[in-house]
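>
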Amino acid sequence: MSSLTVAADCLLEDIPFALEKAVKARLTIDNPKYTSAKKYGRWIGKTLKPTLKYYEPVPTGLRFPRGFANQAVLMCREYLQETPKITDKRLLLPEEDFVFNGVLRPYQEAALLAAEKRSFGVLEAGTGSGKTVMALAIIAARSQPTLIIVHTKELLYQWQERIEDFLQSSSGLVGDGHFEIQAITVAIINTARKRVRELLPQFGHLVVDECHRVPAALFTDVVSNFSGHYLLGLSATAFRSDEGLTKLIYFYMGDQFHKVDQEELHACGAIVKPELVRCKTTFRFHYRGEYQPLITALVKDEERNQQIIDDVARESRKKDSGIQLLVSDRVNHCEVFEKGLKLKGVDAALLTGQTSKDQRTAIVEAVQSGQVKVLVATLQLIGEGFDCPGLSNLFLTTPI
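In this note's numbering, the protein residues as written are -5 to 394.
1. Thinking just about the alpha-carbon of each residue, which of Q353, T45, L292 is nearest to the one in K32?
2. Give me the Cβ distance between Q102 and V127, rounded to the nearest whole Å; I'm assuming they're in contact under 8 Å.
3. Just list the residues that DSSP pairs K79 with in beta bridges.
4. Thinking C-beta only, is E7 closer than 8 Å to G61?
5. Taking only three categories from DSSP, how would you classify V240?
6. Quick check: the region 5 to 25 against the region 94 to 111, are at least 3 beta-carbon pairs closer than 8 Å?
7. If I measure Cβ to Cβ from H172 and keep anything under 7 Å in the same chain, skipping five residues before and after, which residues do I get?
8. Of the residues K111, Q300, L5, which one's Cα is nearest the Cα of Y48?
9. Assign I38 to one of three DSSP states: helix, strand, or coil.
10. Leaving out five residues on either side along the sequence, give the residues of the same chain with a beta carbon under 8 Å from the beta carbon of A135.
11. Under 8 Å by Cβ, that's how I've got I178 and T140 pegged, so tell me the actual separation to the nearest angstrom.
12. Based on the DSSP output, what are the partners of D215 in its beta bridges?
13. Touch check for the region 314 to 326 and the region 360 to 374: three-plus C-beta pairs under 8 Å?
14. Please tell me whether S310 and V340 are closer than 8 Å, where the distance is taken between their beta carbons.
15. Which same chain residues, not among the five before or five after W37, have their C-beta less than 8 Å away from its C-beta?
16. Measure the Cβ-Cβ separation of Q162 and E89 and say whether it is below 8 Å.
17. Pick helix, strand or coil for N387, following the three-state DSSP scheme.
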């Protein structure tokens, strides 16, 4: 009889050759770096492999990432007409008395109920659905010391605020000069990777925020070493920008256990459908497949920049226009906009990755109180996890 041992990874033993071959095939993916190099005629060399294998043959069978456990069980049933003997060696720590203080919408309740049936997996929910709130409800239900992995310092502090709001609990911080561990701790991925052995044994629940955005090395360096009982991946979309590596999310975090439908968010008023307005400009560029020179020319086009400043200033002066959000993926571009708007007498504030936590908090408070009419920010900062109620119009000045 086949057996499956689940710990930090999985060990599948005593399986026939046909099943072993099938599992290996499922855990082998095309290397996007190799594919890209071949497509664009770049040097490949000897180290760049055409495929990436996420399994390790051992004398008794195969080792592979924990997230693939459910798929392995299903494959055993398909090939062997039986469920493998499962040995669970995951770590459960003494329970924490987390209390969730919030009211969930019906679609959030459904996500919580789905999570309670699974010990690891991915929750997919679009922007505006309240992923953080759902995650905190799940954390409270699982009652384990929890480590939350994020990829930016903005998310680090945002999680800290939400934990205090919804769990009425302080939290430890790891990253941006902090290293303090508490029952619920938020860590930036780069710092967590350096201190894996110190961090992971202290937690029975690992949450990966925006798991479609974190570096692939997070899965191989951090998640693969976590032997705690629970894993939770949070994602606005299952698609990774490195294309083929999308499967890594499921290899390491587990199958998607719930998806919040976008139409349901519209129907209940959680988000609204935007009105799209395209603004023509005089900008011209002879594009030859070189993206960065295009963007550089775009952000330096003075006539286009002035048109944007004029449009934003005009909108900000309309009655009941709300707060304008003006974004670019270049910091120097944002600085041009902030300066230009202030010259036109518009109350504008600039928010970038270099903005300190205290400054960021002060700016968001100024926006919410109506002291700031236009918030100028980088796409990287605004793109994920930024929460600032009151924004009504978005001006996109560079491609996303």
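Glycine included, C-beta positions come from ideal geometry on N, C-alpha and C. Bear in mind the structure is a predicted one, so any value in this text is a computation, not a measurement.
Reading from the atomic positions:
1. T45
2. About 7 Å separates the two Cβ atoms, so the contact holds.
3. S(-3)
4. no
5. Residue identity differs from the one stated: residue 240 is Thr in this sequence, not Val. Helix.
6. no
7. none
8. L5
9. coil
10. F94, L106, A109, E110
11. 5 Å
12. Note: D215 sits in no beta bridge, so no partner.
13. yes
14. Yes, these two residues count as a Cβ contact at 8 Å.
15. A31
16. no
17. strand
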